[in-house]
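The next block holds one structure in the form of structure tokens; read it before the comments.
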Amino acid sequence: MTLETLREVLGRAEEGAYAVGAFNVSSLDQAVAVLDAAETERSPVIVQAIAGMSAYSDESRWWHRLRALCEEYAQVAVALHLDHGRTYDDCARAIDHGFTSVMIDASRAADSDAPAAFLDNVELTGRVTTLARPAGVSVEGELGTIGGAEAGVTGILEEIVFADPDQAVEFVDATGVDALAIAVGTSHGSVKFTDEAGGQRLRLALIAEIRERLPDTFLVLHGSSSVPADAVTAINLHGGQVRPSYGISPGQKSEGIAAGIRKINQGTDSHLAWSAALRTFLDENAAVVEPSEQLAPAIAAFRGMVAQRMREFGSAGRF
Ligand code: 13P
């Protein structure tokens, strides 16, 4: 099947009132895990990669292979998306490599982690939209700052700047983006909230208000991993040192979908599942050096976590 754009995949999610998971992959093994889960669950899927974040040294070959792999899953509706493009050039390269959707994250200044000036965000996002539109590629922008570590952002932001509904309308009018990542209380990475109340921090009323003002723009939830305690425990039991913390509960995400979220980004939960399975296997099978044996449980755990989210987001069984 020809890959679909984000607008096509999320258009059907809007009609069906569900969300589509956008799963971060940094190797072909992980992409196979995501696509196998989509095929088994009969779920549309967004496979997403971040520029500069992969297991390979040659980005061009990696992106070409990723695109070819996605095309092999003929039964599955797949959008191939650039996550957190930080520059115009990141987005241009992704479009050249056949990505059907790009995110330009101009919500932070290019040279620091500080929130960008609104007009600078508008200017860069608008330029990417102008580039993407004739190529038939969807664009996601970001408004407000989502906390935590993300592409090119190494620090944990103390302050999350929430999206402002008036600015959201102005931003979409000025840039023409198809999808908008809104800062509504989530945070990227494996260390999210240090108290349980963190899992309740999704600003549902803010999501509902922005959705009402922007009915034709797909709203995106970043930093939405739940940080399952059993995965963190398994990692730490087998030599890891992941700080326990709280994420966004599956129930909160369902409420977010009911309020209008249509794309849910997940990296950390899949990575935790992968790391827990790999560490456990290596610890319990210290003599095994065959990579296929080592990787099989990691791929299976990654696939299982993605499949579980597809069911929770309501995208399973849609084809
Ligand atoms: P998590 O770190 O919560 O999985 O979020 C990933 C993300 O939003 C990527 O854009």
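Count along the sequence shown from 1, add 1399, and you get the number used in this note's numbering. Each residue gets a CB set at the ideal place from its N, CA and C atoms; glycine is no exception. What you are looking at is a predicted structure, and each value in this text was computed from that prediction instead of being measured.
Rounded to the nearest whole angstrom, the CA to CA distance from I1634 to T1679 is 7 Å. Going by DSSP, V1419 is part of the beta strand (DSSP E) stretching over V1419 to N1423. Counting only residues of its own chain and dropping the five nearest sequence neighbours on each side, S1624 has a CB closer than 6 Å to the CB of G1646, Q1665, T1667 and D1668.
Residues of the same chain with a CB within less than 7 Å of the CB of A1700, apart from the 5 flanking positions on each side, are A1672, W1673, A1675 and A1676 in chain order. When C-alpha distances from A1473 are compared across T1486, R1526, R1411 and T1401, the shortest belongs to T1401.
CA-to-CA, the gap between V1687 and V1705 works out to about 27 Å. The straight-line gap separating the alpha-carbon atoms of A1448 and P1627 is approximately 23 Å. The Cβ neighbour count for D1572, taken over all protein chains shown within 10 Å, is under 16; the residue is labelled exposed.
Boundaries of the beta strand (DSSP E) harbouring Q1447: V1444 to I1449, taken from the DSSP string. A heavy atom of the ligand 13P is found nearer than 8 Å to the CB of N1423. In this structure, the beta-carbon distance from R1441 to R1610 does not fall below 9 Å.
According to the DSSP assignment, I1503 belongs to the beta strand (DSSP E) that extends over S1500 to I1503. Within the same chain, F1570, A1573 and T1574 come within 7 Å of V1521 by CB-CB distance, once the 5 residues on both sides are set aside. Taken in chain order, the complete beta strand (DSSP E) segments of 3 or more residues contained in the region 1508-1592 are 1537-1542 and 1578-1581. Residue state for G1415 is assigned as helix, using DSSP reduced to three classes.
Linking A1516 to S1586 through their CA atoms gives a straight-line distance of about 21 Å. For A1695, no beta strand (DSSP E) segment is defined; the enclosing uninterrupted segment is the alpha helix (DSSP H) at P1690 to F1712. Here the alpha carbon of H1637 sits roughly 39 Å from the alpha carbon of A1508. Residue pairing by DSSP places Q1665 opposite F1422 in a beta bridge. For I1545, the distance from the CB to the nearest heavy atom of the ligand 13P is below 8 Å.
Take the alpha-carbon of L1479 and the one of S1644: they are about 30 Å apart. Per DSSP, V1475 is not a residue of any alpha helix (DSSP H), being assigned neither H nor E.
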